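Data block below; observations after.
Numbering (UniProt numbering), first residue to last: 1 to 680.
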């Protein structure tokens with residue numbers, strides 16, 4: 001029998017207490033030793049008390065990260081069967097009456113790519129007896145008529161490939177509230193037919209075993225509202241994509257295990273790669289609609305996932321995020337597309353400021369939503385500290401004697417600070433090395449040396465681009481605060497080289513800021529950074545270049561970096577730099593076999609659905625037109641009404657609205673189908 005909510009609460013409190021004791025012991029011990037040392041050397045309390053206070057807070061955060069990583073590694077290597085709190089231990093085969101919907105919301109996406117990943121999951125599930133209890137539903141919000149025709153064509157191909165599967169397609173006439181409205185409409189119209197629903201994104205690739213395991217785990221515990229799996233990032237060959245995928249994939253299991261170790265049944269939901277309790281969603285996750293006020297847009301919140309998890313947690317349901325359920329997402333290929341996606345995420349997260357005090361939320365839910373929103377404002381604080389670091393260093397060089405008198409009292413702290421810095425860098429690296437060694441995955445990264453080298457490439461990339469991303473986040477905050485409307489477009493998932501014009505348009509502000517910093521360094525730092533002054537301060541020229549060079553260079557050359565990293569470098573692939581475990585087709589781990597299946601399916605869809613397939617092609621194709629006609633209501637009155645207004649017009653001359661009316665009306669579709677087929 002699964003553990004009760006009280007059992008989970010006691011276990012979570014116990015784990016948090018242990019973490020707090022360990023982190024407090026380490027940070028307070030360090031603080032007391034530092035305070036004792038400063039007292040012995042007659043440092044003024046007006047100096048060391050504020051310094052120790054700030055250092056203790058920062059040390060507590062660092063210590064928490066240290067012990068979280070250790071426990072995350074332990075939890076990731078620990079068999080699930082040895083954890084009585086793990087819900088996978090209570091998974092059961094689906095009851096005969098249980099129905100599961102696999103929903104795929106899309107908006108102007110490549111239908112061939114979307115349906116290839118869905119059919120890959122379907123093909124892997126054929127060996128399981130519960131396959132007939134799954135329905136596959138493509139929920140389209142697409143507005144382009146040619147894309148809609150491609151989606152419908154892809155669904156027909158899926159029906160041919162799996163004739164016994166229940167596959168449905170729906171294109172909303174009015175796509176209000178974007179993805180939130182799309183999912184809400186599904187739950188209202190068809191939710192009563194299902195017990196659970198697995199949510200895909202347009203680029204989600206899920207192993208069949210993951211889908212089955214998710215459903216079985218939900219079946220084993222009626223109190224579970226959401227189980228969120230992990231998503232590896234794959235399918236990018238650009239320099240940016242490879243580095244970002246490597247950095248994400250290498251540590252996602254340990255990070256997820258650490259979060260699960262302390263939060264247990266209070267996890268977050270990321271909108272896809274997860275299974276949801278349909279009844280719980282219907283009863284507790286109807287999001288409020290707002291009027292426009294200040295920077296907040298009208299309508300429902302654009303970001304629904306975190307809110308829904310907190311609402312279910314407030315209603316007494318369990319929400320889990322577990323590394324036992326892997327899936328895959330397509331990695332974005334350049335930093336500009338990442339910034340566009342970040343804009344959508346930020347606008348959605350800032351909406352939470354309107355709802356984090358809902359009565360239906362627990363104190364944990366309110367705090368989680370508030371802190372998740374405020375995280376974006378860290379960019380403002382980070383910008384202030386970033387600028388002040390240059391101003392502070394200039395002050396040190398302008399007043400070397402005064403600075404020497406102050407820092408001489410803290411010189412013994414230098415090795416301690418350096419040690420903490422090295423621990424923060426090498427602890428995750430060491431944990432990742434140990435995890436992939438224990439799971440016999442290390443060779444898929446090219447061995448330990450290449451894994452270490454690739455990890456340093458990830459750090460170097462962050463060192464050069466972090467200041468640029470900080471400016472991007474601050475720019476988005478300004479746009480939101482000034483009420484600038486966010487445009488919700490489809491995500492560009494194709495590998496492309498960023499054009500020079502796009503790069504400079506996106507990062508001209510970063511370059512200007514970097515140039516201003518360089519001018520400040522030229523006038524206020526370099527003239528005073530004489531060998532004598534640096535020697536007096538005990539500062540090596542190397543550290544000036546190391547700390548200040550990469551961020552400033554990254555800012556000035558942000559357009560160049562964005563274009564450079566959006567390109568593919570075959571030599572880097574050949575040498576195995578930033579290689580992850582899903583790159584070698586001949587040595588693919590079991591969970592990655594679905595990637596190979598997806599590629600085969602994608603090739604099939606590319607063959608049967610031509611590039612640029614249009615609505616005109618659809619109505620001329622007997623394969624498409626006749627099957628589509630069978631699914632349409634005749635609507636004789638509507639047909640007679642529109643025949644008069646469309647008289648004399650060829651199908652290719654119709655407007656987008658007129659084509660969609662024909663597409664949805666049986667009598668009109670048959671009329672134009674006959675006309676087009678006779679003409680061709």
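All residues carry an ideal CB built from backbone N, CA and C; glycine is no exception. Model, not experiment: these values are computed from the prediction.
About 6 Å separates the beta carbons of residue 302 and residue 178, which is inside the 8 Å limit, making them a contact pair. Minimum Cα-Cα distance from residue 393 among the listed residues 547, 624, 305, 473 corresponds to 547. Pairing residue 278 with residue 200 gives a Cβ-Cβ distance that is not under 8 Å.
Separation of residue 661 and residue 171 (C-alpha to C-alpha, rounded to the nearest whole angstrom) is 13 Å. For residue 239, the CB contacts under 6 Å within the same chain, skipping 5 residues up- and downstream, are 565, 569 in chain order. Following the DSSP letters along the chain, one finds residue 153 inside the alpha helix (DSSP H) bounded by residues 145–161. The beta carbon of residue 436 sits closer than 6 Å to the beta carbons of 442 from its chain, once the five residues preceding and following it are set aside; these are given in chain order.
Secondary structure at residue 127: helix, using DSSP grouped into helix, strand and coil. Its Cα nearest to that of residue 612, the residue 110 stands out among 272, 57, 110. A Cβ-Cβ contact shorter than 8 Å links residue 619 with residue 673.
In the structure shown, the three-state DSSP call for residue 522 is helix.
In terms of Cα proximity to residue 327, the closest of 653, 626, 229 is 229.
In this structure, residue 305 sits away from residue 347, with a CB-CB distance that is not shorter than 8 Å.
Restricting attention to 100, 191, 379, 108, the CA atom closest to the CA of residue 131 is found in 100. Between the beta-carbon of residue 155 and that of residue 138 there is about 6 Å, and that keeps the pair under the 8 Å contact cut.
Ranked by Cα distance from residue 95, the first of 34, 194, 174, 57 is 194. Annotation for residue 320: the continuous beta strand (DSSP E) segment containing it runs 318–330. The continuous stretches of alpha helix (DSSP H) do not include residue 654, and DSSP gives it neither H nor E. In this structure, DSSP gives residue 134 an extended state, which the three-state scheme calls strand. The criterion of a C-beta distance shorter than 8 Å is satisfied by residue 267 and residue 321. Taking residue 162 as the centre and dropping the five residues before and after it, the same chain places the C-beta of 122 closer than 6 Å to its C-beta, in chain order. By the criterion of a C-beta distance shorter than 7 Å, residue 556 is surrounded in its chain by 511, 514, 515, 518, once the five residues flanking it on both sides are discounted. Here residue 468 is actually not in contact with residue 532; their C-beta atoms are around 35 Å apart, not less than 8 Å. Look at the stretch 342–384 and you find these whole runs of alpha helix (DSSP H), each 4 residues long or longer: 363–374.
Using a 10 angstroms sphere on the CB of residue 273, the tally of other CB atoms reaches 16 or more, which defines it as buried. Looking only at 5, 180, 149, 64, the smallest Cα-Cα distance to residue 24 is reached by 64. Here the C-alpha atom of residue 600 lies approximately 26 Å from the C-alpha atom of residue 275. Burial of residue 480 is indicated by the presence of at least 16 other C-beta atoms within 10 angstroms of its C-beta. Counting other Cβ atoms within 10 Å of its Cβ, residue 210 reaches 16 or more and is therefore classed as buried.
Counting the other CB atoms within 10 Å of its CB gives residue 133 a total of 16 or more, which places it among the buried residues. Classified as exposed, residue 607 has fewer than 16 neighbouring CB atoms from the shown chains inside 10 Å of its CB. If you compare the alpha carbons of 445, 598, 460 with that of residue 549, the shortest gap goes to 460. Remark: C-beta atoms of residue 281 and residue 369 do not approach each other more closely than 8 Å.
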